[in-house]
Amino acid sequence: MAVQRRQMGHAIHTVGTVAVDENRVYSVTPRFSGWVTRLHVRAVGDPVQRGQVLAEIYSPELYSAQQEYLIARRQGGTTEDPALLTAAKARLRLLGMPENQIAALARHGTAERDVPLMAPASGVVETLNVRQGSYVSPQTNLYEIANLDRIWVNVALYSYQLPWVHIGDAVRLHLPAYPGKSWEGRLNFLYPTLDPKNRTVTARLSFPNPGGMLRPGTYSDATVLASAAETLAVPSSAVLRTGQRDYVMLGEGQGHFLPVQVALGVEADGWVAIDKGLKTGDRVVESAQFLLYSESQFQSVKARMLGGNTAPTTSTTPGAEISLPQNSGLTQSQKPPASAISAGDADALPTPPTAFGQGGKSHD
């Protein structure tokens, strides 16, 4: 397979808790005093829509202001001072009456005894501090409404991980309740203080939540793709790790392969970045360990058939030739994972430690 260019970065795996986006929480407080005559939304957790009537309130103060406005309108055709009408309308605005209700008042010419209180945004009721019949005032916070179209996830990062992360880094979220599903978001804030008990810093992640599946309070698994940058990368299975050096099997054409020492970078999601040793356009063996292991087993079977006990360092397997440099630290007896052996080779090879499976194909 060809070496690919991919976005790679430190994959920091952590856990966190879904929370409400505090920038999307709205308080509902009247600008006048009065009594709640009817409560339309009665429980925490109830969904509401922007403009929906939450409650109706009788306020002598607001009722009086409506009457003054209507009187000023009736006198508007005869009075020489329009300031009275302007002042009456301004008072209604100061008491929180929206423009559409003022227009309806002017159109109908009748003061409303019970004035509706509207939801300022769509969302769910987070707090409820009122009951039908309650006396309320401008100091009373009747409702708090949280819009959940976008949520936060607070996760813990260790201090040594902080140099890797930056505001705007991509993040991925998984919930145990929804296996196989993930959400894509961004890291949007790092809290300035360190937890003295756990020695961690809280990072705030932001995710869109159009379906409402991300519920505040839910535990989650998060992956921060820190310092992501485009770089050359190969599958992790293509790397031969000797403990001292790392190699990939470079295809030279016509079934010839050569181990090439590489410098590895970040590893994530089954891929590893190549910092040095390869270039764009190079082709490598996707399952390098399987290639060496298959060659080793072929030489072993051949030696037993011929009565020998050694295997050459250059392949005689039909269609493939592997050249191993003397100081590479590689041998053809290096064994790959058991799943790398194809079922077709099972009868000719010694019994492996585990069952065979499909896979481990080499691609030049």
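Residue 113 in the UniProt record's numbering sits at position 113 of the sequence shown, and the numbers go up by one each step. A virtual CB, placed ideally from N, CA and C, is assigned to each residue, including glycine. Being a predicted model, the structure only gives us computed values, none of them experimental.
Counting along the chain, Gln-7 sits inside the beta strand (DSSP E) bounded by residues 4-20. For the 8 Å CB-CB criterion, Arg-150 and Asp-246 do not form a contact. Taking the Cα positions, Pro-60 is about 28 Å away from Val-48. Across the set Ala-2, Met-8, Met-1, Val-3, the C-alpha of Met-8 shows the shortest separation from the C-alpha of Ala-226. For Arg-74, the uninterrupted alpha helix (DSSP H) segment begins and ends at 60-74. Taking C-beta atoms as the reference points, Leu-278 and Val-18 fail to come closer than 8 Å. Leu-39 is positioned such that its CB atom lies no closer than 8 Å to that of Ala-65. Nearest in C-alpha terms to Trp-152, of all of Met-1, Gly-16, Lys-89, Pro-259, is Gly-16. Taken in chain order, the unbroken stretches of beta strand (DSSP E) that lie wholly in the stretch 215-276 and span 3 residues or more are 219-235, 239-241, 246-253, 256-261, 263-268, 271-276. In this structure, the CA atom of Ser-159 is about 11 Å from the CA atom of Pro-196. For Asn-100, there is no enclosing beta strand (DSSP E); the residue is part of the alpha helix (DSSP H) that begins and ends at 99-108. Here Trp-271 is near Pro-235, since their CB atoms are less than 8 Å apart. DSSP links Thr-202 through a beta bridge to Ala-156. Going by DSSP, Leu-84 is part of the alpha helix (DSSP H) stretching over 83-94. Distance from Ile-12 to Trp-164 at the Cβ level is roughly 7 Å; contact confirmed, criterion being Cβ atoms closer than 8 Å.
Your pair Val-130 and Leu-148 does not check out as a contact, with CB atoms roughly 22 Å apart and the cut at 8 Å. Between Tyr-63 and Arg-31, the alpha-carbon positions lie close to 13 Å from each other. Distances from the alpha-carbon of Thr-200 to those of Ala-146, Val-155, Thr-242 put Val-155 closest. According to the DSSP assignment, Pro-116 belongs to the beta strand (DSSP E) that extends over 114-118.
With a cutoff of 8 Å on beta-carbon distance, Phe-257 and Leu-264 are scored as not near each other.
With a cutoff of 8 Å on beta-carbon distance, Lys-89 and Tyr-58 are scored as not near each other. Within its own chain, the residues whose Cβ lies closer than 8 Å to the Cβ of Tyr-178, once the five positions on either side in sequence are excluded, are Met-213, listed in chain order.
By alpha-carbon distance to Ala-268, the top candidate from Arg-172, Gly-255, Thr-280 is Arg-172. Close CB contacts of Gly-34 within its chain, under the 6 Å cut and outside five residues either way in sequence, are with Ile-57, Tyr-58, Ser-59 (chain order). Asn-198 and Arg-93 have their C-alpha atoms some 51 Å from each other.
Assigned with DSSP and collapsed to three states, Pro-163 falls in helix. Contact between Thr-140 and Val-44 does not hold, since the beta-carbon distance rounds to 17 Å and is not under 8 Å.
Just so you know, the alpha carbons of Leu-105 and Val-224 end up roughly 55 Å apart. Per DSSP, Leu-54 has no beta-bridge partner at all. Of the candidates Thr-280, Lys-181, Tyr-191, the residue whose Cα lies closest to the Cα of His-166 is Tyr-191. In this structure, the beta-carbon distance from Tyr-26 to Ile-102 does not fall below 8 Å. The beta carbon of Lys-276 sits closer than 8 Å to the beta carbons of Val-262, Ala-263 from its chain, once the five residues preceding and following it are set aside; these are given in chain order.
DSSP, read as helix, strand or coil, puts Arg-31 in coil.
Secondary structure note for Asp-195: its beta strand (DSSP E) is the uninterrupted segment 182-195.
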